[in-house]
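Mapped onto numbering that gives the first Met the number 0, the consecutive letters of the sequence shown carry residue numbers 0 to 723. Using N, Cα and C, we set each Cβ at its ideal position, and we do this for glycine too. Quantities reported herein were computed from a predicted structural model and do not represent experimental measurements.
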Amino acid sequence: MTWLRILREIVRSGLTIEETRLEPLLALRTAAGVALVIGPALWLVSPEYAASAALGAYSAGAATFQRTWRPRKVIALAAGAGLALSTFVGYLAAGRLVTFLPLLAAWAFAAGMAWALGSTAGIVAATTVGSMLVTITLPTSVGRALEHAGVIALGGVAQAVLILLFPVRRWGAHRDALADALAAVADHARRLRHDPTAPFDPEPLMTARDAAAVTPSQARTRPPVLHGPRGLAERILPVVAALADPDVGAPAEGPGRDRARELLGAAADVLDAAARSIRRGTPAEVPPGSADVLRIDEEDEVLQGPARQAAERLVELLAEALEIARSGGARDQAPTPPGSASAQFLVRPTMLRLLPVVVRAVRRELRRDSPVFRHAVRLAAVATIGYLIASRLPVGHGYWAPIASVMVMRPDFHRTYARAVGRLAGTLAGVALATGIVRALGPDAHVFGALAVVSAALAYTVLRTGYAYSQCFTAAYVVFLLGMGGQAWEQTVPERVVLTLLGGVLAMLAYVVFPAWETPRLPDRLADWLAADGRYAAAVLRSYAEPTREHRADMRRALLASREARAAWQDAYDRARREPVRPRGLTSREAEDAQEALKGFDRAAMLMESHVPRADSRSVPQAEEFAEALEADTAQAADAVREHRNPDWRRTRKALHAWEGATEDRSPVLRRGVELQKRALDDLATAVSRTPLERDVGSAREEQRVRAAGAAEDDGSGPPHGGG
């Protein structure tokens, strides 16, 4: 994309309202935590002290709205502790620039590296940098610094206590993740009725698996319904794909296809009902007609062969989903204590055992080409430079500039720029709104304290609907806190607007000077996905060659690795399409064609997985030779994609030719899967194979196509097209 189109997209993205379910009860409870800290501090100490104390409660409360699978009270306590520590350490070094700037740079770098642990850790760590910048100006002695740190930590404790005393949708995020997985499979079944080769995005299943990992203490209290349905969705997915496929499942037309559509529609209804039951924790109604469809007549059933096998397997699996829907999840037995059956749940390390995990994650990202490492360098540089610039300006509260930079910066280009736009727009709106209220009401610390709590509640309510809208109420919250502390709005409001603009500009410039573009890394991501897919397909074939429990376990591990590689590619591809960078190695059209080819390869392996023989079934020895050739060729082709060479499927063709010449016939499903795999590999080779001249011409054509699309959009003569 060109810079002009990118900037227009960034403005739209920064001001977009995201469709999400509001959670007013959570917002009300979290705002009550802010009130519990502001009220006593305002009454017993002073308005200035209350304004300082509000920081910990507000930031700890905001941290609990991040998407994480750990208990919210643990997140609140961890955020409060981190904010308190950064406040105290910052004060100790705040006397001189020669001591404070190195500490600020080191702390900001560590906060940037926290993204190696995930977005929640990165966002919470960024708030500790803001806390260090704000509160070091408040204490007057080491003792006072300890008091401020203690009050800030108390804000996290207050939020944690409220979460413990007034739970709102406990395990709600886990229920939503599991329900979304079942609903995704239901939606896939509906699409298969009209498009038998419709692709499936495994992200909901990956999210459900991530949510299923719990600590031993969580395993003891996890609701029974969160134990088994995820595996049920995993087993149903390949079965519905096999049933819908016109070559290995129901025929392309006729009574068999009509019967398959009935079964797929009934499966979608049952899975949706199970999803509603899990989400709400209550029994859900299943349409009576859907339950009637799920009966296989031994004499009059129109489906035969592999299609009938898939239908029988689907009915068997949906019986479990029906039981979940009708019972509201109460059918499961109580969880087994983790000490005796720790292998029955996915283990998540406790907070006390996270240190080795943190060290390994950070060590993996300590390299120059890592987006996380480059984000940490940018964060450290912008925080120190912004602090230096703002300290030289003739304004007060200069820390607002580096805070704005730190809070909008993300490891990728698009989110950083979109958040900068959203923060500026939200700040302008919030400051204007709050300033009007301040002028109308006049100075009253208690009224401003109440308005600050209301603003916090509104900010929490819209936190997930868009950064600009939450920032609007956050800016109003800050204005009311300053008014409560006795600050003159005539001075603080213009300063905040100017410094927010300065911080946003610094964040944007930092990404231009030291970027971490995804576009050049697309060949590597594609190669990783290809190699992982090759291992998964080979594992499926080995389960045909020798149907053992060990091979099934290998197939499961390979499937999970393939999904992770696919998710990494999709994330990189989506980011690359929104970067103002010329394609390098892969044009956008080649990347799209290669993606479709590998999705077809995935689908072929999934179809074969749906009919993997049982342990006592007849083996297919030739499948082992083909698996070896396929795994070797895909690994070599992955290296070729990384080095911009053309892939070669010589071993695969040779093994397939030998297999076709064998006297032993293959099953229809296996034959169809191998044909689809061969076709997908040929499509992939066509997508990425070019001569040097073709590469030069292709890059020039890609650039011309992007420019033409941009001109068409400017003229209103055509729709926008994604670029590389």
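Segment limits, alpha helix (DSSP H) that includes residue i
| i | result |
| --- | --- |
| glutamate 545 | Element bounds for glutamate 545: n/a, residue is neither H nor E. |
| serine 454 | 444-460 |
| phenylalanine 479 | 466-483 |
| alanine 614 | Careful: alanine 614 lies outside any alpha helix (DSSP H) and carries neither H nor E. |
| glutamine 217 | 215-220 |
| alanine 290 | 287-292 |
| leucine 321 | 305-326 |
| threonine 19 | Here threonine 19 belongs to no alpha helix (DSSP H), and DSSP marks it neither H nor E. |
| glycine 264 | 254-279 |
| proline 228 | 228-243 |
| arginine 11 | 2-13 |
| tyrosine 386 | 370-391 |
| histidine 187 | 171-193 |
| threonine 586 | Note, threonine 586: premise wrong, no alpha helix (DSSP H); not H, not E. |
| leucine 354 | 354-364 |
| aspartate 647 | Premise fails: aspartate 647 is in no alpha helix (DSSP H) and is neither H nor E. |
| glutamate 414 | Note that residue 414 corresponds to arginine in the displayed sequence, not to glutamate. Residues 412-440. |
| proline 404 | Here the sequence assigns serine to residue 404, which means proline is not the residue at that position. Element bounds for serine 404: 399-407. |
| alanine 636 | 621-641 |
| valine 687 | 667-687 |
| leucine 204 | 202-211 |
Reference residue i; option with closest CA among the options
| i | options | result |
| --- | --- | --- |
| aspartate 244 | Leu293, Pro287, Val224, Ala188 | Ala188 |
| valine 371 | Leu24, Ala419, Ala109, Gly395 | Ala109 |
| histidine 193 | Gly154, Arg562, Val239 | Val239 |
| phenylalanine 199 | Leu606, Arg260, Arg650 | Leu606 |
| arginine 548 | Arg577, Pro612, Ser561, Ala506 | Pro612 |
| valine 224 | Gly584, Pro355, Arg463, Glu322 | Glu322 |
| alanine 56 | Lys72, Thr67, Arg279, His173 | Lys72 |
| histidine 374 | Leu345, Pro393, Val405, Pro401 | Val405 |
| serine 666 | Leu351, Leu354, Gln308, Thr127 | Gln308 |
| aspartate 532 | Asp299, Arg143, Arg556, Val123 | Arg556 |
| alanine 506 | Leu521, Leu365, Ala379, Gly672 | Ala379 |
| threonine 1 | Ala590, Pro582, Pro620 | Pro582 |
| alanine 797 | Gln621, Leu450, Ala433, Tyr386 | The chain is shown from 0 up to 723; residue 797 falls before or after that span and cannot be answered. |
| threonine 464 | Leu387, Leu669, Val361, Ile16 | Ile16 |
| glutamate 202 | Arg418, Arg588, Leu558, Val97 | Leu558 |
| alanine 637 | Thr586, Ala564, Pro222 | Ala564 |
| glutamate 623 | Glu659, Glu545, Arg574, Gln217 | Glu545 |
| alanine 320 | Arg229, Leu462, Trp658 | Arg229 |
| alanine 455 | Ala212, Arg312, Val97, Leu27 | Leu27 |
| leucine 498 | Trp114, Glu18, Leu387 | Leu387 |
| glutamine 470 | Arg366, Ile384, Ser118, Gly421 | Gly421 |
| proline 418 | Gly502, Glu591, Val128, Pro493 | The sequence given here has arginine at residue 418, not proline. Of Gly502, Glu591, Val128, Pro493, the residue nearest in Cα terms is Gly502. |
| alanine 212 | His173, Arg234, Leu181 | His173 |
| glutamate 8 | Glu578, Leu675, Glu591, Ala634 | Glu578 |
Whole-Å CB distance - residue i paired with residue j, under 8 Å assumed
| i | j | result |
| --- | --- | --- |
| valine 285 | arginine 325 | 7 Å |
| alanine 467 | glycine 13 | 6 Å |
| serine 51 | serine 130 | Incorrect: roughly 10 Å between the Cβ atoms, too far for contact. |
| alanine 75 | alanine 159 | 4 Å |
| serine 561 | tyrosine 535 | 4 Å |
| valine 619 | valine 247 | About 15 Å separates the two Cβ atoms, so there is no contact after all. |
| alanine 310 | leucine 354 | Going by Cβ atoms, the distance from alanine 310 to leucine 354 rounds to 51 Å, so no, they are not a contact pair. |
| leucine 25 | valine 167 | 5 Å |
| glycine 395 | glutamate 494 | 6 Å |
Below-7 Å beta-carbon distance, residue i vs any chain C residue
| i | result |
| --- | --- |
| threonine 518 | Absent from the structure is chain C; it holds one protein chain and no more. |
Answer yes if the stretch 409-428 comes into contact with the stretch 503-514, meaning at least three C-beta pairs across the two stretches below 8 Å, and no otherwise. Cβ pair count under 8 Å is three or more, so yes.
Counting pairs of Cβ atoms below 8 Å between the stretch 270-281 and the stretch 169-178, do you hit three or more? The stretch 270-281 and the stretch 169-178 touch, with no fewer than 3 CB-CB distances between them shorter than 8 Å.
Inter-stretch contact (C-beta, 8 Å, three-pair minimum) for the stretch 601-613 and the stretch 665-682: Yes: the two stretches touch, three or more of their Cβ pairs being nearer than 8 Å.
Specify whether the stretch 562-572 and the stretch 259-268 touch according to this definition: at least 3 beta carbon pairs, one from each stretch, less than 8 Å apart. At 8 Å Cβ cutoff, the stretches do not touch.
Could you tell me whether the stretch 147-160 touches the stretch 79-87, where touching means 3 or more Cβ pairs closer than 8 Å? Segment contact: the stretch 147-160 against the stretch 79-87, three or more CB-CB distances shorter than 8 Å; contact assigned.
List in chain order: all unbroken alpha helix (DSSP H) runs of 4+ residues lying wholly within the stretch 86-140. The stretch 86-140 contains these whole alpha helix (DSSP H) runs: 96-112, 118-134.
Three or more C-beta pairs below 8 Å linking the stretch 196-212 and the stretch 249-257: No, they do not touch.
With a threshold of 8 Å, are at least 3 pairs of Cβ atoms found where one atom belongs to the stretch 584-600 and the other to the stretch 289-298? Because the criterion of three Cβ pairs below 8 Å is not met, the stretch 584-600 and the stretch 289-298 do not touch.
On the three-pair Cβ rule with 8 Å, is the stretch 622-634 touching the stretch 648-661? Under the 8 Å Cβ criterion, the stretch 622-634 counts as touching the stretch 648-661, having at least three qualifying pairs.
Segment contact flag, the stretch 25-45 with the stretch 90-102, C-beta cutoff 8 Å, min 3 pairs: Proximity of the stretch 25-45 to the stretch 90-102 falls short of the contact definition, fewer than three beta-carbon pairs being nearer than 8 Å.
Would you list, in sequence order, the uninterrupted alpha helix (DSSP H) runs of no fewer than 4 residues that lie entirely inside the stretch 29-94? If we require 4 residues or more, the alpha helix (DSSP H) runs fully inside the stretch 29-94 come out as 46-62, 71-91.
Per the contact definition of three or more C-beta pairs closer than 8 Å, is the stretch 436-446 in contact with the stretch 511-526? No, they do not touch.
Within the chosen definition, does the stretch 343-363 reach the stretch 641-650 through at least 3 CB pairs nearer than 8 Å? With the cut-off at 8 Å, the stretch 343-363 and the stretch 641-650 do not touch.
Which runs of the alpha helix (DSSP H) spanning at least 4 residues fall entirely within the stretch 502-560, listed in chain order? Counting only runs of 4 or more residues that sit fully inside the stretch 502-560, the alpha helix (DSSP H) segments are 521-544, in chain order.
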